[in-house]
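Participant: One structure, pasted below without further comment.
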Amino acid sequence: MKQGKQEVTITVNNNGYETNVTQLKVNIPVKLTLETRNTRSCARAFVIPSLNISKVLPESGETMIEFTPTKKGRLTFSCSMGMYSGYWEII
Numbered sequence: 001m002k003q004g005k006q007e008v009t010i011t012v013n014n015n016g017y018e019t020n021v022t023q024l025k026v027n028i029p030v031k032l033t034l035e036t037r038n039t040r041s042c043a044r045a046f047v048i049p050s051l052n053i054s055k056v057l058p059e060s061g062e063t064m065i066e067f068t069p070t071k072k073g074r075l076t077f078s079c080s081m082g083m084y085s086g087y088w089e090i091i
């Protein structure tokens with residue numbers, strides 16, 4: 001946690017997502033960094049459906065998203081096609 005925010009990094013590659021965090025705390029803001037490096041798959045179309053977050057990521061670079069999880073349970077993220085996905089447990 002830094003400056004009152006949970007910091008999360010997801011590496012986005014041609015085979016999906018790798019995150020450094022599997023649990024987040026409810027009602028504490030999240031600073032999410034999405035890192036791409038020569039990513040050309042549909043994983044670049046990143047969505048968190050329950051939060052209405054949708055971003056098309058560059059092939060290479062960093063994209064920041066901030067949000068606050070407000071409900072306990074599973075928070076799912078995926079590509080827009082649903083081929084690649086992951087989740088955090090909100091506790």
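Numbering-wise, the UniProt record's numbering puts 20 at position 20 of the sequence shown, and it's gapless, one number per residue. All residues carry an ideal CB built from backbone N, CA and C; glycine is no exception.
Near residue 10, which residues of its chain fall below 6 angstroms by C-beta distance, leaving aside the five closest residues on each side in sequence?
Facilitator: Here the question's residue 10 lines up with position 10 in the sequence shown. Only 17, 19 and 34 meet the Cβ criterion.
Participant: Which residues in the same chain have their Cβ closer than 6 angstroms to the Cβ of residue 49, if we skip the five residues on either side of it in sequence?
Facilitator: For the purposes of this step, residue 49 is taken as the residue at position 49 of the sequence shown. No residues qualify anywhere along the chain.
Participant: What residue from 14, 25 and 5 has the CA that sits closest to residue 73's CA?
Facilitator: Residue mapping note: residue 73 aligns to position 73 of the sequence shown, counting from 1. Out of 14, 25 and 5, 25 has the C-alpha closest to the C-alpha of residue 73.
Participant: To the nearest angstrom, report how far apart residue 57 and residue 36 are at their CA atoms.
Facilitator: In the sequence shown, counting from the first residue as 1, residue 57 sits at position 57. In the sequence shown, counting from the first residue as 1, residue 36 sits at position 36. If you take the alpha carbons of residue 57 and residue 36, they lie about 7 angstroms apart.
Participant: Could you check what DSSP says for residue 51 in three-state terms: helix, strand or coil?
Facilitator: One-based indexing of the sequence shown puts residue 51 at position 51. Of the three classes helix, strand and coil, the one that applies to residue 51 here is helix, per DSSP.
Participant: Whose CA, out of 30, 70, 54 and 2, lies closest to the CA of residue 81?
Facilitator: Locating residue 81 in the sequence shown gives position 81, where the first residue counts as 1. Answer by Cα proximity: 54.
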